[in-house]
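Numbering (our numbering), first residue to last: 12 to 103. Heads up: the structure comes next, in structure tokens.
Laid out in structure tokens, this is it:
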């Protein structure tokens with residue numbers, strides 16, 4: 012993390028010295044949040060610990076069970092967050 016912070020700070024200082032601003036689009040907040048979410052160890056451990064009780068080890072393809080359960084969890088999350096977003100937009 013600190014190496015990344017040093018790299019960004021150095022880049023920002025170079026941009027300030029050249030008199031140019033870093034545009035907000037270059038940060039790519041969606042990609043950044045997506046990558047952080049993918050590598051979040053708490054979420055990964057939660058899904059593994061939670062889904063293990065619903066996977067039958069005698070099934071021929073237990074990894075498929077994890078994928079299906081993960082898909083439905085993400086679908087429910089997307090629907091829930093969409094409702095929050097659209098409700099918040101309507102109330103604003």
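Virtual Cβ for every residue (Gly too), placed ideally from N, Cα, C. Small disclaimer: the values here were computed from a predicted structure and weren't measured.
Contact between residue 62 and residue 77 holds, since their C-beta atoms are separated by about 6 Å, short of 8 Å. The Cβ atoms of residue 65 and residue 80 sit closer than 9 Å to each other. The three-state reading of DSSP puts residue 84 in helix, counting H, G and I together.
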